[in-house]
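Since the structure comes first, as structure tokens, the remarks are kept for the end.
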Amino acid sequence: MRIRYAEPADLPAVKGLVSCLLEHESKIRSTRCAIDEVHSGYFEEMLGRREIEDGGILIAEESSSVLGFLAYANALDDLEITPEQIDVTEIVVLPSARRQGIARALMTELVHLAQDAGTNRIVLNVLEGNLEALGFYESLGFQPMAQMLELQCDA
11 MRIRYAEPAD LPAVKGLVSC LLEHESKIRS TRCAIDEVHS GYFEEMLGRR EIEDGGILIA
71 EESSSVLGFL AYANALDDLE ITPEQIDVTE IVVLPSARRQ GIARALMTEL VHLAQDAGTN
131 RIVLNVLEGN LEALGFYESL GFQPMAQMLE LQCDA
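For my numbering, add 10 to where a residue sits in the sequence shown, where the first one is 1.
Next comes the structure, spelled out in structure tokens:
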């Protein structure tokens, strides 16, 4: 397996993986939006970036097949990215490729990139009820730091 930065040609695979993620998350929380509503232009903007300070997408591939990706925030995301912090915005692995160390490899690569850039903290959000993901992140050493609350306001 190889970890690399995403290229524009990876966009269809990335969007396909996000669709898998949203389908999975809809079983946990029924109010998730479709990919075009949530990520309008986000992935297109992130593709091809190479500097940790700019945010980007890391791709896990084997035999030229994209197995998963990890996206991390940049300053244009309204999420603060500083030398002290990186925000993981998405991490997705194909359902057929899960439990093979792919997400762990993506996170390990991001940690190495962060350390090389002098970043001392990586943060992410997990949906309440996504116990498998929560257990995975805790196995990497992540610790709870806040609780996010939400109020749905129907228009």
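Where a beta carbon is used, it is the ideal one built from N, C-alpha and C, also for glycine. Here the structure is a predicted model, which is why all the values come from computation and not from measurement.
Worksheet item: Is the segment 101–121 close to the segment 63–72, with three or more CB pairs under 8 Å?
Response: Because the criterion of three Cβ pairs below 8 Å is met, the segment 101–121 and the segment 63–72 touch.
Item to complete: Could you tell me the distance, in whole angstroms, from the CA atom of residue 152 to the CA atom of residue 27?
Response: Taking the first residue of the sequence shown as position 1, residue 152 is located at position 142. Taking the first residue of the sequence shown as position 1, residue 27 is located at position 17. Computed Cα separation, rounded: 24 Å.
Discussion item. Between 95, 102 and 38, which has its C-alpha nearest residue 25's C-alpha?
Written reply: If you number the sequence shown from 1, residue 25 lands on position 15. Of the listed residues, the one whose Cα sits closest to residue 25 is 102.
Fill in: Straight-line gap, residue 100 to residue 136 (C-alpha atoms, nearest Å)
The residue you call residue 100 lines up with position 90 of the sequence shown. The residue you call residue 136 lines up with position 126 of the sequence shown. Residue 100 and residue 136 have their C-alpha atoms spaced approximately 10 Å apart.
Discussion item. Tell me which residue opens and which closes the alpha helix (DSSP H) that residue 108 is part of.
Written reply: Residue mapping note: residue 108 aligns to position 98 of the sequence shown, counting from 1. Element bounds for residue 108: n/a, residue is neither H nor E.
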